[in-house]
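Residue numbers are given in the working numbering: position 93 of the sequence shown equals residue 139, and the series is strictly consecutive.
Note that the Cβ used here is the ideal one computed from N, Cα and C, for glycine as well.
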Amino acid sequence: MNNITLPVRFNPSTPQQYDIIIGNNILKNPDKYLSPLLARAKVAIVTDEHVAAFQLEPFTNSLKEAGINFDTIIIPAGEESKKFKTLEMILSKLLAFGIERRDAVIALGGGVVGDITGFACSMLRRGCQFIQAPTTILAQVDSSVGGKTAINSTQGKNLIGAFYQPRAVFTDIDTLSTLPQRERRAGYAEIVKYGLLGDREFFEWLEKHGKDVLALEVQSISYAVRRSCEMKAQIVEADERENGKRALLNLGHTFGHALEGAYGFSSKLIHGEGVSIGMVLAFEYAAAHQQCPHSDVTLVKDHLQSVGCPTEITDIVDHHHLSADRLMELMMQDKKVEDGNLTLILPNAIGNAVIKKDIPTSSVHAFWKQHLTT
Ligand SMILES: NC(=O)c1ccc[n+]([C@@H]2O[C@H](COP(=O)([O-])OP(=O)(O)OC[C@H]3O[C@@H](n4cnc5c(N)ncnc54)[C@H](O)[C@@H]3O)[C@@H](O)[C@H]2O)c1
């Protein structure tokens, strides 16, 4: 299969534009993909300890063959690493390696590595070259595209960061082969999100091919990643700073983040699992308010269940400790809250989500209560 080049083009008057390359053997071919972007034959790689165990050596062997010098920074795996201490360590090492503004830093890993590395690149000498090499489905279809970079703070997730676009995204499907099933399914929920928010035909395609996507069958995973990236690119090109349409990408996230927050953003409920349940809740909330047909709620639930994604609060371990008050409190921390009122992304139907402002908190509280007692 030929690799696909997907252009991301912002306002033509700004220099921000880059390509997403999707396919096989991308990281094994630095001569073809990486070298043309480098000012000199030197890069730094940031990765985490899990990805390093599986993916680092093949990549660095290819760099050696291509005569590209490299230094490597390995951070601990997991959300816990998205903090000031790790950021400081990355920045100090990059300076010690002599990475200059025109040099490239490559984020080899999932969304955690991509988010913190991008943020570090935005600051290093006031901005060096940043290349995304996403190795999770979630990162390939979502976090590597669009330029949101961040770390967490004690006050919440992704609250400190910058918009900083990469120079290129190398989406090498081969890297997914070592990704655990649970992480694959979590990323798959984000793929389903694109169908639900804006492309019913894509959702129907996923109903037929979802299992092939998860089994990493080349044509299926490539198409699913490509269609997701196309949709994300189109949305972020139109609204880079999330002043409007970009919020649609949050379908399921306001409910999902509250659930993730209730588990302290721990491995008990990982992001894509929260999104999976959150999307079902968004559909159910919309149906309960006569905005969306009940038959679509059933289709969404059936599909997510058929591929092993969680759809109910009762699918989460220790769900008995959840309370509507706590979930509401967490939901009110959402970045889309305006003047104390909630904004939700709600579907009119599969493939047609809209941004709804001024949602009464009492109605969402009652909705949580009902779900916690059923
Ligand atoms: N910037 C954005 O627009 C954006 C969008 C969505 C999510 N995010 C962020 O992304 C993060 C979640 O990303 P994620 O789900 O990729 O998590 P992650 O980076 O923690 O990766 C998940 C796990 O898989 C491991 N892993 C990664 N690639 C692997 C591979 N090929 N083989 C084996 N193991 C591998 C990692 O070490 C980790 O343990 C969150 O911090 C979230 O806030 C950012």
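Residue i versus residue j - alpha carbon distance
| i | j | result |
| --- | --- | --- |
| Gly55 | Ala370 | It should be noted that the sequence gives Arg, not Gly, for residue 55. So the two alpha carbons sit approximately 42 Å from each other. |
| Lys254 | Leu260 | 12 Å |
| Ala112 | Ile177 | 17 Å |
| Cys167 | Lys203 | 19 Å |
| Gln337 | Val97 | 43 Å |
| Ser138 | Phe130 | 12 Å |
| Thr200 | Lys194 | 19 Å |
| Gly298 | Asn75 | 37 Å |
| Tyr240 | Tyr234 | 10 Å |
| Asp385 | Ile197 | 25 Å |
| His366 | Arg213 | 46 Å |
| Gly320 | Phe301 | 8 Å |
| Arg172 | Pro104 | 31 Å |
| Val353 | Leu373 | 27 Å |
| Leu376 | Ala304 | 5 Å |
| Asn287 | Asp258 | According to the sequence displayed, residue 287 carries Arg and not Asn. If you take the alpha carbons of Arg287 and Asp258, they lie about 34 Å apart. |
| Ser408 | Asn57 | 41 Å |
Secondary structure of residue i, DSSP reduced to three states
| i | result |
| --- | --- |
| Leu321 | The residue you asked about is not Leu; residue 321 is Val in the sequence shown. Reduced to three states, the DSSP call for Val321 is helix. |
| Val92 | strand |
| Asp361 | helix |
| Phe413 | helix |
| Ser190 | coil |
| Gly233 | helix |
| Lys291 | helix |
| Asn296 | helix |
| Pro104 | helix |
| Arg55 | strand |
| Asp245 | coil |
| Thr182 | coil |
| Phe209 | strand |
| Asp258 | helix |
| Leu214 | The identity of residue 214 in the sequence shown is Ala, whereas the question assumes Leu. Note: Ala214 maps to strand in three-state DSSP. |
| Lys128 | coil |
Reference residue i; option with closest CA among the options
| i | options | result |
| --- | --- | --- |
| Cys174 | Ile50, Ala85, Asp258 | Ala85 |
| Ala179 | Asn198, Val191, Ala153 | Ala153 |
| Phe249 | Ile316, Gly397, Leu390, Thr300 | Gly397 |
| Val400 | Gln416, Gly244, Cys355, Ala279 | Gly244 |
| Glu330 | His365, Met277, Glu375, Val410 | Val410 |
| Leu80 | Asn107, Ala304, Phe216, Leu222 | Phe216 |
| Trp414 | Thr344, Val343, Trp251, Gly324 | Gly324 |
State whether the region 173-188 contacts the region 112-119, with contact taken as three or more CB pairs (one from each stretch) at a distance under 8 Å. no
Q) At a cut of 8 Å, does the region 265-276 reach the region 65-74 through at least three beta carbon pairs? A) yes
Flag this pair as touching only if the region 158-166 and the region 195-211 have three or more C-beta atom pairs under 8 Å; answer yes or no.
yes
Are the region 80-94 and the region 140-156 in contact at 8 Å, needing three or more beta carbon pairs? yes
* Contact between the region 345-364 and the region 311-319 (3+ Cβ pairs under 8 Å) -> yes
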